[in-house]
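Structure first, then comments.
In my numbering, the protein residues as written are 129 to 691.
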């Protein structure tokens, strides 16, 4: 009831961010789900996500309410397993307190709102079930094979959900008893399973995987390890110093503190790669595992206090800041996603509305209803409903700089949270404002090819916000697919994992790019099928932008994945 009351007003939000991509992913065959790496995000191996979506897509289609109830049920089960585990060591009040913290924490709320984040919920549930079995039965591979087998199955489900959970064998090692040799003899099957899983992952992804273009600094990683517990405290309570109060009961048991530090590090070893900054609305998910760990710390901490009055004071000192800070932050989170839900809903509705049959719609100014969202929703409608979308979506920048595009359409529309507006009459003024804000500078955009490596170089002398515009003439359609992507400032980006068959790629001057008669041209040549055109511009965040860079021209490209 607590979870339902806390999340009730977000359950009817529309599909967000990469939810449509997960819906499409779930419609694939089991063979593709487990062994193809171009059906969702090629840098990650998460077949459990598709399996978890299959029943929802089958029974509920495009009704998001049951999807979120599904997420909420899994979250409640996680809290229940935490309650059960703590029940072996502490009283019911402390266990219940920890479970409630999980249900009401901001990262947990995000995992209910953003349906795709069941890729965190299910692995967490399976990991906790495996841990519960392990600490309850202490199974040895030679003596309790059934329990070991069950833990292995739960572990593999966790690994298939999200990479952050591949640390589970190390967690079991820390939780084991005896010297290192005894601990290893009890946990080696889980490490063998991890090795096999990583080999499978490498085979499917064709390499290490991970986010495209992201590099990891060892110094930043170590700094994150030491700062993470303070940041987690700030996320939950609004203050980094409250963690000191949380750890007070453990000071009488230094050996327990050491074990807690090892457990924290082992559990979050992979998560630290993405936990280097205080989270925003779409990165709170990286802290969900830390929230569950904190709930255990709270439960065990209160159990170490024998005096009932002191224990009650300890709980109140923690729970009051948690509730005050959480209500403030979560209120803002709900408002943000309500707005994004309205934009996403109107965008999705416009895809099936005959009003926009021959219209062009400006890509929404939203980080959540991005190009990938729109094309994934189009694919979902085509795959599940068997219908095609009506409007064409274009970024404002291309419409302003190439006004001939508008000759092919009957009207121009803009999506806001409250309505889809017809701006055909006022678009010229809007276009002039954009063009008038352009600077005289142009980004330095270069092409780097060496063997199998395919990369681009970029240098912005104005601003550090990078936006790419990608025009793709697909193999089996006449209309180009146009997308807009925001990137962090990187002076070198390896595209080898994104684009295959790039041997004839070249950089052509931006002045050679033109649009006429419903097609894009480079010079006098109409771009052929299966061709990518990529140009970028830089901005300073105030609305001013550079000119477009020269164009990366990739004929006969095989698009491995552009979200």
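A virtual CB, placed ideally from N, CA and C, is assigned to each residue, including glycine. Remember, it's a predicted structure, so these values are computed and weren't measured experimentally.
#### Entry: Beta-carbon proximity check, residue 446 vs residue 371, cutoff 8 Å
Position 318 of the chain shown holds residue 446. Position 243 of the chain shown holds residue 371. No, Cβ-Cβ distance for residue 446 and residue 371 is not below 8 Å.
### Query
Is the Cβ-Cβ distance between residue 527 and residue 506 less than 8 Å?
Position 399 of the chain shown holds residue 527. Position 378 of the chain shown holds residue 506. No, these two residues do not count as a Cβ contact at 8 Å.
### Query
From which residue to which residue does the alpha helix (DSSP H) around residue 448 run?
As a first step, residue 448 must be located in the chain shown, where it is residue number 320. Element bounds for residue 448: 436 to 479.
### Task
Could you name the residues of the same chain whose beta carbon sits closer than 7 Å to that of residue 202, not counting the 5 residues immediately before and after it, in chain order?
If you number the chain shown from 1, residue 202 lands on position 74. Excluding sequence neighbours, residue 202 sits near 246, 249, 250 and 253.
### Task
Tell me whether the beta-carbon of residue 682 lies closer than 8 Å to the beta-carbon of residue 633.
Locating residue 682 in the chain shown gives position 554, counting from the first residue. Locating residue 633 in the chain shown gives position 505, counting from the first residue. Going by C-beta atoms, residue 682 is nearer than 8 Å to residue 633.
### Query
Should the segment 320 to 334 be regarded as contacting the segment 342 to 357, the criterion being three or more beta carbon pairs within less than 8 Å?
Three or more beta-carbon pairs separated by less than 8 Å are not found between the segment 320 to 334 and the segment 342 to 357, which leaves the two stretches without contact.
### For residue 518, three-class secondary structure by DSSP
If you number the chain shown from 1, residue 518 lands on position 390. Secondary structure of residue 518 (DSSP, three-state): coil.
#### Entry: Contact under 8 Å by Cβ, residue 423 with residue 442
For this step, residue 423 is matched to residue 295 along the chain shown. For this step, residue 442 is matched to residue 314 along the chain shown. No, the pair does not count as a contact, with Cβ atoms beyond the cut-off.
### Task
Using alpha carbons as the reference points, say which of 291, 408, 448 and 308 lies closest to residue 367.
On the chain shown, position 239 is the one that residue 367 refers to. Out of 291, 408, 448 and 308, the CA that lies nearest to the CA of residue 367 is found in 448.
### Message
Cutting at 6 Å between CB atoms, please list the residues of its own chain near residue 520, excluding the five before and the five after it.
### Response
The count along the chain shown starts at 1 and reaches residue 520 at position 392. Cβ within range, chain order: 488.
### Query
In chain order, what residues of the same chain lie with their CB nearer than 8 Å to the CB of residue 316, ignoring the 5 residues before and after it?
Looking up residue 316 in the chain shown gives position 188. The residues are 269.
### Message
Check for me: the beta strand (DSSP E) holding residue 490 runs from which residue to which?
### Response
Locating residue 490 in the chain shown gives position 362, counting from the first residue. Per DSSP, residue 490 is one residue of the beta strand (DSSP E) stretching across 488 to 490.
### Task
Keeping to the same chain, check which residues put their C-beta closer than 7 Å to that of residue 421; ignore five residues upstream and five downstream.
To locate residue 421, count along the chain shown from 1; it is residue 293. Excluding sequence neighbours, residue 421 sits near 392 and 395.
#### Entry: Whole-angstrom distance between residue 404 and residue 351, CA atom to CA atom
Within the chain shown, the letter at position 223 stands for residue 351. Within the chain shown, the letter at position 276 stands for residue 404. Taking C-alpha positions only, residue 351 is separated from residue 404 by approximately 8 Å.
### Task
Take the Cβ of residue 664 as the centre, count every other Cβ of all protein chains shown within 10 Å, and call the residue buried at 16 or more, exposed below.
Your numbering for residue 664 matches position 536 in the chain shown. It is buried - the Cβ of residue 664 has at least 16 other Cβ atoms within 10 Å.
### Message
Let me confirm a value: residue 199 is counted as buried when at least 16 other C-beta atoms fall within 10 Å, else exposed. Which label applies?
### Response
Residue 199 sits at position 71 when you count from the first residue of the chain shown. By the neighbour-count definition (other C-beta atoms within 10 Å, threshold 16), residue 199 is a buried residue.
### Message
Using 8 Å as the threshold, is the C-beta distance between residue 470 and residue 545 below it?
### Response
Mapped onto the chain shown, residue 470 falls at position 342. Mapped onto the chain shown, residue 545 falls at position 417. For residue 470 and residue 545, yes; Cβs fall inside 8 Å.
#### Entry: Cβ-Cβ distance between residue 562 and residue 524 below 8 Å
Indexing the chain shown from 1 puts residue 562 at position 434. Indexing the chain shown from 1 puts residue 524 at position 396. Yes, they are a contact pair.
### Segment contact flag, the segment 556 to 571 with the segment 499 to 513, C-beta cutoff 8 Å, min 3 pairs
The segment 556 to 571 vs the segment 499 to 513: no contact.
#### Entry: Exposure label - residue 671; buried when at least 16 CB within 10 Å
On the chain shown, position 543 is the one that residue 671 refers to. Here residue 671 is exposed, its C-beta having fewer than 16 other C-beta atoms within 10 Å.
### Task
Alpha carbon to alpha carbon, how far is residue 609 from residue 690? Give it in angstroms, no decimals.
Along the chain shown, read from residue 1 onward, the residue named residue 690 stands at position 562. Along the chain shown, read from residue 1 onward, the residue named residue 609 stands at position 481. Low confidence applies to residue 690: its pLDDT is 39, below 50, so where it sits in the model is not reliable enough to give any reading.
### Query
Less than 8 Å separating the beta-carbons of residue 620 and residue 596?
The residue given as residue 620 occupies position 492 in the chain shown. The residue given as residue 596 occupies position 468 in the chain shown. Cβ distance not < 8 Å, so residue 620 and residue 596 don't count as in contact.
### Message
Can you look up residue 392 in the DSSP assignment and give me helix, strand or coil?
### Response
Numbered from 1 along the chain shown, position 264 holds the residue referred to as residue 392. Three-state DSSP puts residue 392 in a helix.
### Task
Under the assumption that residue 286 contacts residue 318 (Cβ atoms under 8 Å), give the Cβ distance between them as a whole number of angstroms.
Numbered from 1 along the chain shown, position 158 holds the residue referred to as residue 286. Numbered from 1 along the chain shown, position 190 holds the residue referred to as residue 318. About 10 Å; that fails the 8 Å criterion.
### Task
Could you give the DSSP three-state label for residue 268: helix, strand or coil?
For the purposes of this step, residue 268 is identified with residue 140 of the chain shown, where counting begins at 1. In the displayed model, residue 268 falls within coil according to three-state DSSP, outside both helix and strand.
#### Entry: Local Cβ density within 10 Å of residue 452, reported as buried at 16 or more and exposed below that
Your numbering for residue 452 matches position 324 in the chain shown. Exposed, because fewer than 16 other Cβ atoms sit within 10 Å of the Cβ of residue 452.
### Task
Report back the beta-carbon spacing between residue 378 and residue 229 to the nearest angstrom; my notes put them in contact at under 8 Å.
The residue labelled residue 378 in the question sits at position 250 within the chain shown. The residue labelled residue 229 in the question sits at position 101 within the chain shown. The pair is not a contact, with the Cβ atoms about 17 Å apart (cut-off 8 Å).
### Query
Counting along the chain, where does the beta strand (DSSP E) carrying residue 614 start and finish?
Along the chain shown, read from residue 1 onward, the residue named residue 614 stands at position 486. For residue 614, the enclosing beta strand (DSSP E) starts and ends at 609 to 615.
### Query
Can you tell me whether DSSP reads residue 247 as helix, strand or coil?
Position 119 of the chain shown holds residue 247. DSSP places residue 247 in helix when its eight states are reduced to three.
### Query
Closest to residue 177 by CA distance: which of 219, 151, 376 and 190 is it?
On the chain shown, position 49 is the one that residue 177 refers to. Proximity to residue 177 across 219, 151, 376 and 190 peaks at 151, based on C-alpha coordinates.
### Query
For residue 619, which of helix, strand or coil comes out of DSSP?
Position 491 of the chain shown, counting from 1, holds the residue named residue 619. Of the three classes helix, strand and coil, the one that applies to residue 619 here is coil, per DSSP.
### Query
Which residues mark the beginning and the end of the beta strand (DSSP E) in which residue 599 is found?
Taking the chain shown and counting its residues from 1, one reaches residue 599 at position 471. Its beta strand (DSSP E) spans residues 593 to 601.
### Query
Nearest-angstrom Cα distance between residue 582 and residue 565?
As a working mapping, residue 582 is identified with position 454 in the chain shown. As a working mapping, residue 565 is identified with position 437 in the chain shown. Roughly 33 Å separates the two Cα atoms.
### Message
Can you look up residue 645 in the DSSP assignment and give me helix, strand or coil?
### Response
Reading the chain shown from its first residue, position 517 is the one you call residue 645. Reduced to three states, the DSSP call for residue 645 is coil.
### Query
Hey, which unbroken runs of the alpha helix (DSSP H) at 4 residues or more fall wholly within the segment 351 to 389?
Runs of the alpha helix (DSSP H) inside the segment 351 to 389: 370 to 375.
### Query
So, do the segment 258 to 266 and the segment 144 to 158 have three or more beta carbon pairs nearer to each other than 8 Å?
Between the segment 258 to 266 and the segment 144 to 158 there are fewer than three inter-stretch CB-CB distances shorter than 8 Å, so the stretches are not counted as touching.
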